[in-house]
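Here the structure is laid out as structure tokens; the discussion comes afterwards.
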Amino acid sequence: MTEEEMKAKIASLEAEKEGLKTKNSELIDREKAAKTAAETATREKEEAAERAKLESGTELEQAQAQIKKLERERDQAVERADKSEGALKSANLSNGIKAALTANNVNSNFASAVEALFTSKAVFDDGAPTIEDLPLADYAKKFFASKEGQFFVDAPKSSGSGSTGTEAVDSYANKPFNAEQFSIQRKTDPAGAEAWAKATGNDHLVN
-2 MTEEEMKAKI ASLEAEKEGL KTKNSELIDR EKAAKTAAET ATREKEEAAE
48 RAKLESGTEL EQAQAQIKKL ERERDQAVER ADKSEGALKS ANLSNGIKAA
98 LTANNVNSNF ASAVEALFTS KAVFDDGAPT IEDLPLADYA KKFFASKEGQ
148 FFVDAPKSSG SGSTGTEAVD SYANKPFNAE QFSIQRKTDP AGAEAWAKAT
198 GNDHLVN
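When we follow my numbering, the leftmost residue of the sequence shown carries the number -2, and every step to the right adds one.
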């Protein structure tokens, strides 16, 4: 091999070496770019997953808050309904007791005491007031016909216990006559109603 050929061979090898260096550099750059792209994609994927998690958490919190709000509104509605029902029951009981006192001619001086007594005993069955498993009106009639209940009734007995007709008439002398009460008493206490009519000059109602 001549000197010229050797120089040419060396030059060729140098050129090939430089080419390999360039190609290697390109491969390194390409690998770095691919690695960077992969890292970027991974990071973006993780960020997207985190955002989705946060957004999902926010929606869950909003849903939970909405549920709590609806439950609170439901409880308030139930409370209002209970209060309304309680007020209605109280009014029905009070009106029922007053009607029973009037129907049984209870002395007005004892009205508050009897009302308190009945109120303490009353329970509700399907919204209707009852006492000792009887409708209020039936219990009142039974109670005021008893020895205990007669104490509260304004109309005295016209017989028994030493009472006389004259004493009964005299006991009604200062009691203002009331046609409605008289009509009720005539059914529950005919003798007392007759004494009341005679004592107040309404004999024609019983003759």
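The beta carbon of each residue, even a glycine, is placed where N, CA and C say it ideally should be.
Considering only Ser81, Gly83, Thr116, the residue with the shortest C-alpha distance to Lys95 is Thr116. Pairing Glu68 with Glu76, the inter-Cα distance amounts to about 12 Å.
Positions of the beta strand (DSSP E) runs, each at least 3 residues long and wholly inside the segment 59 to 125, are given as 120 to 122 in order along the chain. The Cβ-Cβ distance between Ile128 and Lys144 does not fall below 7 Å. The three-state secondary structure of Pro132, taken from DSSP, is strand. In this structure the segment 72 to 87 does not lie against the segment 96 to 109, because fewer than three pairs of beta carbons, one per stretch, are closer than 8 Å. Your pair Leu131 and Lys139 checks out as a contact, with CB atoms roughly 7 Å apart and the cut at 8 Å. Ranking Ala137, Gly124, Gly198 by CA distance to the CA of Val111 puts Ala137 first. Per the coordinates, the alpha-carbon of Ala196 lies some 36 Å from the alpha-carbon of Asn89. According to the DSSP secondary-structure assignment, Val150 is paired through a beta bridge with Val103. A distance below 8 Å between beta-carbons, with the five flanking residues on each side excluded, links Ala176 to no residue of its chain.
One Cα belongs to Ala5, the other to Glu23, and the distance between them is close to 27 Å.
DSSP lists Val120, Pro132 as the beta-bridge partner residues of Thr127. Annotation for Gly189: the continuous alpha helix (DSSP H) segment containing it runs 187 to 196. DSSP places Ser143 outside both helix and strand once states are collapsed to three, so it counts as coil.
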